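J.:
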Amino acid sequence: MTDAQGGAGATVIRRLEPADRAAWEPLWQAYLAFYRQELPEGVTDAVFARISGDGAHDGLVAERGGRLVGFVHYVVQETTWSIAPTCYLEDLYVDETLRGGGVGRALIEGVYGAARRLGCRSVYWQTHDDNARARRLYDQVAVLSPFVRYDHVFSQD
1 MTDAQGGAGA TVIRRLEPAD RAAWEPLWQA YLAFYRQELP EGVTDAVFAR ISGDGAHDGL
61 VAERGGRLVG FVHYVVQETT WSIAPTCYLE DLYVDETLRG GGVGRALIEG VYGAARRLGC
121 RSVYWQTHDD NARARRLYDQ VAVLSPFVRY DHVFSQD
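Using this note's numbering, the first residue of the sequence shown is number 1, and each one after it goes up by one.
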C-alpha cells in the first residue's frame, strides 16, 4: 500500500489481513494496557473479526522488517451533515520503541488515503487529553475540534 521511508528501515502500510491475528494481538493488548482497559472475554475475537472482515470497520497495519509495529482501525459512516460519508479513526497504536519515527503519521495517512478512495468528506478521531506525545503528531496532521464528548454506557459487554 504505502512505504513510509525508503531504505532498510522502510515502514510498509497495508490492509490488516486475517493471517495477521497472532502478530496484531500483542499490539492490541499493549494498546489496551496503555488506556488501562480490560475487555470481557470474546470481545477481542469479535473486534479482530470485524476489522479484518468485509464490513464497515477496517484496519491497516504498519510492517517493518517483516514485523507488525503498529495498527490503525477505522470505520466509514454516513452522517446527517453531508451526502458523503465520514471516517472515524477509532484506534491507533505504534510500538513504544518506534514512536516519533513516522509510523503513526504513516498509519494516519493510510486512513486518509482509504477515506479519499471511499468518498469520505473527512476523517476524525479522539484521544485522551493527557496523551501529549500523540497530540503533538495530531496537531501536525489535523485540526483540534472544539467539540466535547459525552458518554452514557449501558453495558460492558
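Note that beta-carbon positions come from the ideal geometry of N, C-alpha and C, so glycine has one too. Note that this is a predicted model, so its numbers are computed, not measured.
For Glu109, which three-state DSSP category applies?
T.: As a first step, residue 109 is located in the sequence shown; it is residue number 109 there, counting from the start. Note: Glu109 maps to helix in three-state DSSP.
J.: Can you name the residues that DSSP bridges to Gly59?
T.: Here residue 59 refers to the residue found at position 59 of the sequence shown. BP columns for Gly59 point to His73.
J.: Measuring straight from C-alpha to C-alpha, what distance separates Arg149 and Gln126?
T.: The sequence position of residue 149 within the sequence shown is 149, counting from 1. The sequence position of residue 126 within the sequence shown is 126, counting from 1. Here the alpha carbons of Gln126 and Arg149 stand approximately 9 Å from one another.
J.: Report buried or exposed for Ser82, applying the criterion of at least 16 other Cβ atoms within 10 angstroms of its Cβ.
T.: Working through the sequence shown from its first residue, we reach residue 82 at position 82. Per the 10 Å Cβ criterion, exposed.
J.: Alpha carbon to alpha carbon, how far is Val12 from Gly113?
T.: What you label residue 12 is simply residue 12 of the sequence shown in a count that begins at 1. What you label residue 113 is simply residue 113 of the sequence shown in a count that begins at 1. Going by the C-alpha atoms only, they are around 14 Å apart.
J.: Quick one: give me the first and last residue of the alpha helix (DSSP H) that Pro26 is part of.
T.: Here residue 26 refers to the residue found at position 26 when the sequence shown is read from its first residue. Where Pro26 is concerned, the enclosing alpha helix (DSSP H) stretches over 21-34.
J.: Given a cut-off of 8 Å on the beta-carbon distance, is the pair Val75 and Ala106 in contact?
T.: Residue 75 sits at position 75 when you count from the first residue of the sequence shown. Residue 106 sits at position 106 when you count from the first residue of the sequence shown. Taking 8 Å as the Cβ cut-off, Val75 and Ala106 do not qualify as a contacting pair.
J.: How long is the line joining the alpha carbons of Pro18 and Trp28, rounded to whole angstroms?
T.: Here the question's residue 18 lines up with position 18 in the sequence shown. Here the question's residue 28 lines up with position 28 in the sequence shown. The straight-line gap from Cα to Cα measures roughly 14 Å.
J.: So, helix, strand or coil for Glu41, using DSSP?
T.: Position 41 of the sequence shown, counted from the first residue, corresponds to residue 41. Glu41 falls in the coil class under three-state DSSP.
J.: I need the boundaries of the beta strand (DSSP E) containing Leu137, first residue and last residue.
T.: Within the sequence shown, the letter at position 137 stands for residue 137. Careful: Leu137 lies outside any beta strand (DSSP E), inside the alpha helix (DSSP H) at 132-141.
J.: Under three-state DSSP, which class holds Val47?
T.: Mapped onto the sequence shown, residue 47 falls at position 47. Helix, per DSSP.
J.: So for Leu92, helix, strand or coil by DSSP?
T.: Against the sequence shown, residue 92 aligns to sequence position 92. Secondary structure of Leu92 (DSSP, three-state): strand.
J.: DSSP on Arg99, reduced to helix/strand/coil?
T.: Locating residue 99 in the sequence shown gives position 99, counting from the first residue. Reduced to three states, the DSSP call for Arg99 is coil.
J.: Output needed for Gln77: all residues of its chain with C-beta closer than 8 Å, excluding positions within five of it in sequence on either side, in chain order.
T.: Taking the sequence shown and counting its residues from 1, the one referred to as residue 77 is at position 77. For Gln77, same chain residues with a beta-carbon under 8 Å away, outside a window of 5 residues either side, are Ala56, Pro85, Thr86, Cys87, Tyr88 in chain order.
J.: Can you tell which of Glu109, Leu60, Leu118, Arg99 has the C-alpha that lies nearest to the C-alpha of Arg21?
T.: Along the sequence shown, read from residue 1 onward, the residue named residue 21 stands at position 21. Nearest of Glu109, Leu60, Leu118, Arg99 to Arg21, Cα basis: Leu60.
J.: Could you round the C-beta distance between Leu92 and Ala23 to whole angstroms and report it? I think they count as a contact, below 8 Å.
T.: Your numbering for residue 92 matches position 92 in the sequence shown. Your numbering for residue 23 matches position 23 in the sequence shown. Not quite, the Cβ-Cβ distance comes to about 17 Å (not below 8 Å), so this is no contact.
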